[in-house]
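Worksheet: the structure to be examined is printed underneath.
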Amino acid sequence: MKFEAYPHDTQTCSLKMESLSYTTDDLIFDWESKVPLVVEPTIELPQHILMDTKLGDCMQEYSTGNFTCIEVMFTLERRLGYYLFHTYIPTCLIVIMSWISFWIRADAVPARVTLCVTSLLTLATQHAQSQKSLPPVSYIKAIDIFMSTCTLFVFSSLMEYAIVNIVMGQAEERERMANHLLNDVQLIHMEGQIRMPNGTKVARSPSLRRRSESLERQALKIDKFSRIVFPLLFVILNVAYWTYYLR
0 MKFEAYPHDT
10 QTCSLKMESL
20 SYTTDDLIFD
30 WESKVPLVVE
40 PTIELPQHIL
50 MDTKLGDCMQ
60 EYSTGNFTCI
70 EVMFTLERRL
80 GYYLFHTYIP
90 TCLIVIMSWI
100 SFWIRADAVP
110 ARVTLCVTSL
120 LTLATQHAQS
130 QKSLPPVSYI
140 KAIDIFMSTC
150 TLFVFSSLME
160 YAIVNIVMGQ
170 AEERERMANH
180 LLNDVQLIHM
190 EGQIRMPNGT
200 KVARSPSLRR
210 RSESLERQAL
220 KIDKFSRIVF
230 PLLFVILNVA
240 YWTYYLR
């Protein structure tokens, strides 16, 4: 069985019926011409849909002679409903939940970090849960691509806040410098500039405040930009994923 497209895969299973003791000189299996195969309509597989059946001949040649053999090929398509409600939709909701951090104030560090980290850990658990019913394989499956993409989005949300936090930290640092310059009694105003007692020139506090406000606006712009770009990219990648695997 190949699981590259799992859980969008279609599997083909064969059933062979071969003579054990009698060669083709004594016994030959053949399919009935009118109704060669009857599939009980009341039988339903929990995870697959029987899409097609194909009949064939598979005569085997051994050193002891030729032995009659017939086979039927069952084409089974995996039911997507279970995975849709237990894997895909919950995973998408976890990713969307991580975007709430873009609307939380930048100075609310515990709230934003906790939200992103919790989403990341939940996704890791969800991914591990989706692999339990599968044998370990060395290649990438369709569900691995989807889960890895979602994990990357949540991780990017965390990295986005790291950038916002750095920018806000720089703004706060400049604000502290501006307040320090205003409150330091040892500063001397000279020719429109601020000098330390040793003569070293420093930036004027209004300039520092403007720079601080500019950095705060940049941090807010990053959040506003992320509110649009993250959902847009996620929708585009989902459209590409589902179009490719449901074609």
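Take 0 as the starting number for the sequence shown in numbering that gives the first Met the number 0 and just add one per residue.
Every residue gets a Cβ at the ideal spot worked out from N, C-alpha and C, and that includes glycine.
Just so we're clear, the structure is a prediction, and the values are computed from it rather than from any experiment.
In the DSSP annotation of this structure, the continuous segment of the beta strand (DSSP E) that includes S13 starts and ends at T9 to E17. Around the beta carbon of P134, fewer than 16 other beta carbons lie within 10 angstroms, which makes this residue exposed.
Contact annotation: L49 and W30 have beta-carbon atoms that are not nearer than 9 angstroms. Taking C-beta separations shorter than 8 angstroms and ignoring five residues to either side along the sequence, the partners of I93 in its chain run S118, T121, L122, Q125, C149 and V153, following chain order. With a cutoff of 9 angstroms on beta-carbon distance, E17 and T63 are scored as not near each other.
In the three-state DSSP reduction, Q169 falls in the helix class (H, G or I). Q46 and V136 have their C-alpha atoms some 20 angstroms from each other. Rounded to the nearest whole angstrom, the CA to CA distance from M167 to D8 is 48 angstroms. The three-state secondary structure of T52, taken from DSSP, is strand. By the neighbour-count criterion, in which a residue is buried when 16 or more other Cβ atoms sit within 10 angstroms of its Cβ, R226 is exposed. Taking every protein chain shown into account, the CB of C12 has fewer than 16 other CB atoms within 10 angstroms, so this residue is exposed. Excluding the 5 residues flanking it on each side, F229 has same chain C-beta neighbours closer than 6 angstroms at W98, in chain order.
Distances from the CA of E70 to each of K1, D143, L14 and Y243 were compared; the closest alpha carbon is that of L14. Burial is judged here by how many other beta carbons sit within 10 angstroms of a residue's own beta carbon; L114 has at least 16 and is buried. Between L83 and K223, the alpha-carbon positions lie close to 31 angstroms from each other. Residue environment: P6 is assigned as buried (16 or more neighbouring CB atoms within 10 Å of its CB, all protein chains considered).
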